[in-house]
Amino acid sequence: MTGPHTGFHILSIALSTWIVGFSVALILFAGSYIFMRWQRCVGLFRRYLLNKGGYDYKQIFKHYFHHINSIQDKRSTHRAILQLVCDLVKGSDASLLMKDNGEYTIKESVGSKPSSFQVGDINSFLRWLSSLGRMVTRHQLVNRREYAKMKGDGLQYCVQFHAEAIVPLFNSGQFIGVINIGSRADGELFDGATCELLDIISGQAAVAIHNATLYEDMVRRNVKLQEVDRLKSQLLSNVSHELRTPLSSIIGLAELMHEGQDGPVTVEQKDHLGMISSSGKRLLETVSAMVDLSKLEANHLSLNIRRLNLQRMVSKIAEGVALNKATTLRMTIKDSPPIYGDEEWLNKLFSHILNNAAKYTESGEIVVAAEKAGEMLKVCVEDTGIGISQDKHDRIFDSFSQASSGADRLYEGAGVGLAISKKVVELHGGRIWLNSAPGKGSRFFFTLPLKPTTVKSIELAS
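According to our numbering, the stretch in the sequence shown is residues 20 to 481, in order.
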């Protein structure tokens, strides 16, 4: 019997069968997916139950990396980073592989030490890892299709370095090394959360390693510079002392001959002997200045502090200053209060400052003035000389520096007078500075103590 009801009945049966079949297929698919992922699901569920679902990033970076960044020794930094990684992921061991002078070497290891390796065997893998730009695990090398080409080299690398996870290190975009991490103590794989943590840590670790390397290089260079500076001062002192004795003999003999002690001399000969004597004295002054500079740079001086009358001391020094014919020297320090300092070194200070002003002032005036400034006396030596350009103000007090340099310079001198002046002022706890411009003369300022106190620090600029 056929009819509309029969067709409707057949359609209902077909639809029901299709729904049942689709449901069964869906259940089978879901079941197979859950079955394939059961180990991961169980791990995640267990981690959830044990409240291990994530890492406390704030605590990690606040505590661990604060400690690591405070370490100044490079090797200690390496070890601290590896220990941190092992602690966080419960790794059995770890090693740090870095490039040093073009060759990869193991810088530090925690736990078991990696076996020896050939650089050529790992170069291709490390180049691939550098281009990948993120960490990779042994499990991923075995199971991921996109890593198939590098599977052989990668597994060989893992065996050599006992590595279950390989974390590349980059600094400013440059590949600098690798942290190799061994198997985890709990036997778990490196899951997504752990891989993400290690990728973040790698950036901080690279910065810490780079900073430790820079600090170590800076310390090493500083030691070398100190040694060079010490040798320079020693050389200056030795050479200067060796020169002073023969120079004194040359000057003395030239003056004896000039006076006729060794027999009559002609006018021309007297002129020549006078030139020998004056040139010898100028050279002896330069040698003496170098000896003074080497003593000051060695910083082994003890000052003989006493009360000094500034007017009397400067007036006596001014008598020996070689002024040009069109230049006058005026002092307005008659009523200045007494200062406290080492008379010998302060005499050298004022001698260098006044002679420097006289040398560069062909005509005009040199004025010495002073005024009280707190517990210090501020002294000003002003001239109407050639002046100094602004770009040379910072280095004018450096050793062997002059405003004009080169073989064709107009003014003679070794360039140590102002360097000595600066060191003497600072030795007394004061400071020295200048105001000057080309064609407008110069004003040198420096401060000296008004009280007989022990110098503990250099006066700071106000």
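Yeah, the Cβ is synthetic: ideal placement off N, Cα and C, and Gly gets one too.
Coil, strand or helix - residue i by DSSP
i: Ala426; result: Residue placement at Ala426 cannot be trusted, given a pLDDT of 41 that sits under 50; the coordinates are not used to answer.
i: Thr21; result: Unreliable placement is indicated for Thr21, whose pLDDT of 49 sits below 50; the coordinate value is still reported in the next sentence. The answer is coil: DSSP assigns Thr21 none of H, G, I, E or B.
i: Asp361; result: strand
i: Arg349; result: strand
i: Ala389; result: strand
i: Ser149; result: helix
i: Gly110; result: strand
i: Ser95; result: helix
i: Ala182; result: coil
i: Leu467; result: strand
i: Gly383; result: strand
i: Asn36; result: The residue you asked about is not Asn; residue 36 is Thr in the sequence shown. Correct three-state label for Thr36: helix.
i: Thr156; result: strand
i: Glu304; result: helix
i: Ser31; result: helix
i: Gln102; result: helix
i: Leu63; result: Legend: pLDDT at Leu63 = 46, less than 50; position of this residue unreliable, value from coordinates given subsequently. Correct three-state label for Leu63: helix.
i: Glu288; result: At residue 288 the sequence reads Gln, which differs from the Glu that was named. Of the three classes helix, strand and coil, the one that applies to Gln288 here is helix, per DSSP.
i: Ser89; result: coil
i: Asp75; result: coil
i: Asn375; result: helix
i: Ser313; result: helix
i: Ala337; result: helix
i: Asn366; result: helix
i: Gly299; result: helix
i: Phe144; result: helix
i: Lys411; result: helix
i: Ser42; result: helix
i: Gly282; result: coil
The alpha helix (DSSP H) enclosing residue i, as first and last residue numbers
i: Gly173; result: 170–179
i: Val398; result: Premise fails: Val398 lies in the beta strand (DSSP E), 395–402, not in any alpha helix (DSSP H).
i: Leu453; result: Taken as a continuous stretch (DSSP letters only), Leu453 belongs to no alpha helix (DSSP H), being part of the beta strand (DSSP E) at 451–455.
i: Leu272; result: 211–277
i: Ile439; result: 436–446
Residues bridged to residue i (per DSSP)
i: Glu122; result: Asp119
i: Arg203; result: Gly110
i: Gln193; result: Asn190
i: Glu13; result: As displayed, the chain neither begins before 20 nor continues past 481, which places residue 13 out of reach and without an answer.
i: Ser461; result: Asp402, Ser455
i: Ile198; result: Leu115, Val186
The beta strand (DSSP E) enclosing residue i, as first and last residue numbers
i: Arg325; result: 324–327
i: Arg164; result: Counting along the chain, Arg164 falls outside any beta strand (DSSP E), and DSSP gives it neither H nor E.
Proximity to residue i [Cα-Cα], best of the options
i: Asp361; options: Leu329, Tyr379, Glu381, Asp402; result: Leu329
i: Lys93; options: Asn374, Gly393, Val226, Asp106; result: Val226
i: Arg98; options: Glu127, Asp112, Glu122, Tyr123; result: Glu127
i: Val186; options: Gly152, Gln193, Gly211, Asn454; result: Gly152
i: Thr156; options: Val340, Ser202, Thr351; result: Ser202
i: Arg301; options: Val247, Leu262, Phe189, Gln159; result: Leu262
i: Pro357; options: Cys214, Leu469, Lys118, Ile385; result: Leu469
i: Tyr176; options: Glu207, Ile407, Val258, Ile141; result: Ile141
i: Val108; options: Ala204, Ile405, Gln159; result: Ala204
i: Val443; options: Ser313, Gly192, Ser114; result: Ser313
i: Phe144; options: Met154, Met117, Gly173; result: Gly173
i: Ile220; options: Pro457, Ile87, Ile38, His277; result: Ile87
i: Met309; options: Val258, Arg349, Gln280, Thr346; result: Val258
i: Leu418; options: Ser31, Ile125, Asp311, Leu148; result: With the sequence shown as reference, residue 418 is identified as Ser, and Leu is not the correct amino acid for it. Checking every option, the nearest Cα to that of Ser418 belongs to Asp311.
i: Leu255; options: Ala317, Glu390, Val129, Tyr123; result: Ala317
i: Ile439; options: Leu315, Ala345, Asp218; result: Leu315
i: Val340; options: Met237, Ile352, Lys378, Leu272; result: Lys378
i: Ile270; options: Leu188, Leu292, Phe369, Ser95; result: Leu292
i: Gly222; options: Ser191, Ala388, Ser252; result: Ser191
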